[in-house]
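So the sequence shown is numbered by full-length UniProt numbering: it starts at 38 and just counts up by one. For every residue, glycine included, the Cβ atom is placed at its ideal position computed from N, Cα and C.
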Amino acid sequence: DVAPMDERFEDSFGIGAAVEPFQLEGESAEVLKYHYNSIVAENAMKPLYIAPEEGEYFWEDADQIVNFAKENDMYLRYHTLVWHSQIADWFFLDEEGNPMVEEEDPEKREENKQLLLDRMRDYIKTVVLRYKDDVDAWDVVNEVVDDGGGLRESAWYQITGTDYIKVAFETAREYAGEDAMLYINDYNNEVDSVKRDDFYNLVKELLEDGVPIDGVGLQSHIQLNWPSIEETREAIQMYSDLGLDVQITELDVSIYGWPPSGEYKTEDEIPDSILEEQANRYRDLFSLYEEMDDAISNVTFWGIADNHTWLDDRAKEYSGDGRGKDAPFAFDTQYNVKPAYFAIMGLK
Ligand code: XIL
Numbered sequence: 038d039v040a041p042m043d044e045r046f047e048d049s050f051g052i053g054a055a056v057e058p059f060q061l062e063g064e065s066a067e068v069l070k071y072h073y074n075s076i077v078a079e080n081a082m083k084p085l086y087i088a089p090e091e092g093e094y095f096w097e098d099a100d101q102i103v104n105f106a107k108e109n110d111m112y113l114r115y116h117t118l119v120w121h122s123q124i125a126d127w128f129f130l131d132e133e134g135n136p137m138v139e140e141e142d143p144e145k146r147e148e149n150k151q152l153l154l155d156r157m158r159d160y161i162k163t164v165v166l167r168y169k170d171d172v173d174a175w176d177v178v179n180e181v182v183d184d185g186g187g188l189r190e191s192a193w194y195q196i197t198g199t200d201y202i203k204v205a206f207e208t209a210r211e212y213a214g215e216d217a218m219l220y221i222n223d224y225n226n227e228v229d230s231v232k233r234d235d236f237y238n239l240v241k242e243l244l245e246d247g248v249p250i251d252g253v254g255l256q257s258h259i260q261l262n263w264p265s266i267e268e269t270r271e272a273i274q275m276y277s278d279l280g281l282d283v284q285i286t287e288l289d290v291s292i293y294g295w296p297p298s299g300e301y302k303t304e305d306e307i308p309d310s311i312l313e314e315q316a317n318r319y320r321d322l323f324s325l326y327e328e329m330d331d332a333i334s335n336v337t338f339w340g341i342a343d344n345h346t347w348l349d350d351r352a353k354e355y356s357g358d359g360r361g362k363d364a365p366f367a368f369d370t371q372y373n374v375k376p377a378y379f380a381i382m383g384l385k
């Protein structure tokens, strides 16, 4: 019998997992209820699934996740209202069905911009009004900063400039209410780099501009030795000093570097020494989170256990032979505890 992971951090922050609807029954659901007190949809609440066609909404999967959270009294993160990825094309087509990004006429570009912002407002309003009583934290925009710094040149940015960010937060605030917690989420925004500087400056400018942001999400798709605990500490402090809440939103510690070699093809092939290294990494991370628990309100893993992780797709994609297994979490593919679990629990 192992102790519930979330109980250890009861006085510090919530412990979450990303889920797909099929994981809400059977053993995965039991593990979810026992070890986690917070959930987020791995895919089901993204624009592509909620709004596949103009004027058509698909709520079934998202509703299942919301209902599971309610039934089990779990904290619910909404991921994500606005993103450049996993969104249907119709958002970015003009009335004639032409891609807005290709328009050259300035007048027509301005019309397109207004049309896109209207569609976004409409979309956010519809989603937020449906779920506002159930959602505890909203990822309002995701990954708006480019890896090399500067704003990401997404369709959103090409068509509206930075207006979409501002309008997204204002619309979310308008319909979710004053008490709603609104986040700007990104990856590598704790890594000491141009991206972090630009992300920080963007958030600071938006706040100075009166844009209603309550918190920063650090996705934290990280590796055994990267980024350092020191730079992670620094980043959490920087965002906290802006008066913002910090959440760790998509934590997974890959056993590979980047790009992933995918050299281990099955769980059994992964050496114990690597799982030990991973445990040390998790120990250092959770010590940091606990030390900074005034700044951090939630730590969410991007999955429940090693049997279901998006990192497997990446290991397969980059390995060269189409095969590869990653193992980023505290529980193995059979939901047994790993060395990482004991490290997180302060037992090793
Ligand atoms: C990933 C999901 O895990 C995959 O199932 C899907 O195919 C692609 O998206 N950053 C994010 C998440 O903000 O939404 C991504 O989730 C992982 C990277």
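Which of helix, strand or coil DSSP assigns to residue i
| i | result |
| --- | --- |
| S310 | helix |
| E90 | strand |
| T370 | coil |
| K188 | According to the sequence displayed, residue 188 carries Leu and not Lys. Here L188 sits in strand by DSSP. |
| V182 | strand |
| V39 | coil |
| A364 | coil |
| I76 | strand |
| Y115 | strand |
| W193 | helix |
| W263 | coil |
| Q123 | coil |
| I341 | coil |
| E242 | helix |
| L69 | helix |
Cβ distance (whole Å) where residue i is taken to contact residue j below 8 Å
| i | j | result |
| --- | --- | --- |
| L188 | T199 | 6 Å |
| Q315 | L261 | 6 Å |
| E304 | K362 | 6 Å |
| S310 | P365 | At roughly 17 Å, the Cβ-Cβ gap does not stay under 8 Å, so S310 and P365 are not in contact. |
| V119 | M157 | 7 Å |
| L325 | I266 | 6 Å |
| A209 | W175 | 6 Å |
| K169 | G214 | 7 Å |
| V172 | L113 | 5 Å |
Per DSSP, the bridge partner or partners of residue i
| i | result |
| --- | --- |
| L219 | W175 |
| N335 | G51, Q284 |
| D289 | H258 |
| L130 | P136 |
| V253 | I221, V283 |
| V56 | A78 |
Heavy atom of the ligand MN within 8 Å of residue i beta-carbon
| i | result |
| --- | --- |
| E300 | Judged by which ligands are present, the ligand MN is missing from the structure shown, whose ligands are the ligand XIL. |
Mind the definition here: the region 275-293 touches the region 336-346 only if three or more C-beta pairs lie below 8 Å; say whether that holds. Short answer: they touch.
Touch check for the region 84-93 and the region 123-138: three-plus C-beta pairs under 8 Å? yes
Within 8 Å, do at least three Cβ pairs link the region 295-309 to the region 241-254? no
Stretch pair the region 212-227 + the region 245-260: three plus CB contacts closer than 8 Å: yes
Should the region 226-236 be regarded as contacting the region 168-185, the criterion being three or more beta carbon pairs within less than 8 Å? yes
Are the region 104-111 and the region 139-152 touching by the rule of at least three beta carbon pairs closer than 8 Å? Too few Cβ pairs lie closer than 8 Å, so no.
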